[in-house]
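>
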Amino acid sequence: MKIRKDKLHPVILLGGGPIALSVARALGKNNISCYVIDEDDSIVHHSRFCIGIKHLQDEEKVTWLEWLIEQGPKLPQKFVLMPCCDYGLKIVIENRKALEEFYILPEGNDEITLKMLDKYETYKLAKSLDIPIPEVWNVENISDLEKIADVIQYPCALKPRISHEFSYRFHGTKMFKVKNEAELYKYYHITQQYNLKMLITELIPLGSEGYDGYYTHIDENGNPLFHFTKLRLRQQPNLYGLGTYNVTNWNPEVIKLGLKFLQGIKLRGIGTLEFMRDARDGKLKLLECNPRFTGTTELLHKSGLNWALFVYNRLVGLTTPKMDYYKRGVYIIKPLPDYLAFRELKKNNKLSFIGWIKSLMHTPHFYIWSWSDPKPFIVNTYCFWKRQLLKLFRIITLKNFLKYKPTETKNVS
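First residue of the sequence shown: 0, per numbering that gives the first Met the number 0; consecutive thereafter.
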């Protein structure tokens, strides 16, 4: 692959799929060349704003890190590495010395950033700062599970400590909802086939309209460079799934609590937090912290904050775009997943069809669709319906097989 020298430092995005797509579009529109290392079937490879680097980890088993180190000396100038997933972020953190000779790396307090990739370490830090969290039990082995299995209140959640290791094995699943002790042992044994670190958390009853998010960037002196808050109105599956409908807002309470945590742990660089209000005591409880671009990146861009360009310009020493104002009441939706979220809510008598329709009476924005870059959406839609048709074909084939009864043949002698 030939890589030319540009006036602006080119960028290599590490993973992320739709997250990397949003970043690539924002940077590409500002004449910044983007390359992306991601799974071969990632939709970001189809964007006109970036060039995909494919086939790593195929027959030759070349890892992302090996490729970066091998290509580093061949690059015509320093490239900017921008992680868009936990795995990419972990590569940068653990190999900063080896990579910084050839790349401009994200700013950060590596020790703290690494702890943010471990939910149990995140919860321990929050607890030390008196930040409310769900009740948590760390499970190192089966003995730990046996000690707490009969004292846990069900249903509960069996969560991974390291999300990207879990999602690699259980694609599209964030956690297991556990209804009883038998299920707890069942799911735990499944995870231990892959030696995954797990923890158990209570399921907090939701005490507000949705999940609160806080986004900022902490500079080298510990000062926040902007504030952004949003509300995740729905997710699929409900309570513990991926967000399907989000809206921007301005929530001083979330900002105050978020800053208390980020400044208290001395995080540097990108900081994104998610909270949930507990119906039992009315307190916001910290759920997670991501020190990287997240799935809501496109919402910041749609509301007027060029987050990707802001991070890039800081890294290369250019003047950053203004981040002091964004539009409130900007909605972004994943149409089909949100419909599935509505169906689940309706089944549990928590949302009527009329209520769902009313909630959609806003100017819609979308995560993947773009008039200036339609191919990722077209490919994503095609792949989705292809998967659905294959599922339908398998179901019909299985039903026909089960109905089939071979006729008896008479033995004619």
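Just so it is clear, CB atoms sit at the ideal spot from N, CA and C, and this is done for glycine as well. All of these numbers come straight from a predicted model, not from anything done at the bench.
(1) Measuring only the C-alpha atoms, how far is Val449 from Thr228?
(2) Pairing CB atoms from the segment 231-243 with CB atoms from the segment 305-320, are three or more of them under 8 Å?
(3) Please classify Gln234: does DSSP put it in a helix, a strand, or coil?
(4) Provide the residue span of the alpha helix (DSSP H) that contains Thr319, from first to last.
(5) Between the C-alpha atoms of Thr293 and Val22, what's the straight-line distance to the nearest angstrom?
(6) By Cβ distance, which residues of its chain are closer than 8 Å to Ala156, with the 5 residues on each side in sequence left out?
(7) With DSSP as the reference, identify every bridge partner of Asp129, one or two as the case may be.
(8) Expressed to the nearest angstrom, what Euclidean distance is found between the alpha-carbon atoms of Lys390 and Tyr381?
(9) Please return the same chain residues whose Cβ sits closer than 6 Å to the Cβ of Trp136, not counting the five positions on each side in sequence.
(10) Contact check, Asp85 vs Leu116 under 8 Å by CB: the rounded distance?
(11) With a Cβ-Cβ cutoff of 7 Å, do Leu195 and Glu164 count as a contact?
(12) Report the CB separation of Gly270 from Leu128 in whole angstroms; it is logged as a contact under 8 Å.
(13) By the 10 Å Cβ neighbour count, where 16 or more other Cβ atoms means buried, how is Phe341 classified, buried or exposed?
(14) Does Glu201 come out as helix, strand or coil in the three-state DSSP assignment?
(15) Where do the ends of the alpha helix (DSSP H) carrying Asp337 lie?
(16) When DSSP labels each residue in this structure, what does Ser207 get in the three-state scheme?
(17) Apart from the five residues just before and just after His226, which ones in its own chain have a Cβ nearer than 7 Å to its Cβ?
(18) Whose C-beta lies closer than 6 Å to the C-beta of Arg160 among residues of the same chain, with five residues either side of it excluded?
(19) For a minimum of 4 consecutive residues, which ranges assigned as the alpha helix (DSSP H) are wholly contained in the segment 216-291?
(20) Tell me which same chain residues have a C-beta within less than 6 Å of the C-beta of Pro131, skipping the five on either side of it?
(21) Using beta-carbon positions only, say whether Asp372 and Arg24 come within less than 7 Å of one another.
(22) Is it buried or exposed for Ser142, if we count other Cβ within 10 angstroms and need 16 for buried?
(23) Please state whether the Cβ-Cβ distance between Leu104 and Leu80 is less than 7 Å.
(24) Pair every Cβ in the segment 240-250 with every Cβ in the segment 332-341, then say whether three or more of these pairs are closer than 8 Å.
(25) Given this structure, state the Cα-to-Cα distance separating Lys346 from Gly328, to the nearest angstrom.
(26) Does the Cβ-Cβ distance between Leu286 and Glu297 come in under 7 Å?
(27) I'd like the list of long-range same chain contacts for Val43, defined as Cβ closer than 8 Å, with 5 residues on each side in sequence excluded.
On the basis of the supplied data:
(1) Here the chain has residues from 0 to 412 only, and residue 449 is not among them.
(2) no
(3) strand
(4) Thr319 -> no alpha helix (DSSP H), and no H or E assigned at all.
(5) 10 Å
(6) Met174, Phe175, Lys176, Val177, Ile199, Thr200, Glu201, Leu202 and Tyr239
(7) According to DSSP, which records beta bridges pairwise, Asp129 is partnered with nothing at all.
(8) 14 Å
(9) Ile147 and Ile199
(10) 6 Å
(11) yes
(12) No, Gly270 and Leu128 are not in contact; Cβ-Cβ is about 14 Å, not under 8 Å.
(13) buried
(14) strand
(15) Pro334 to Lys346
(16) strand
(17) Thr215 and Ile254
(18) Asp117, Lys118, Tyr119, Lys196 and Leu198
(19) 251-264
(20) Lys282 and Lys284
(21) yes
(22) exposed
(23) yes
(24) yes
(25) 28 Å
(26) no
(27) Leu12, Gly15, Gly16, Pro17, Ala19, Leu20, Ala23, Val35, Asp37, Cys49, Gly51 and Pro375
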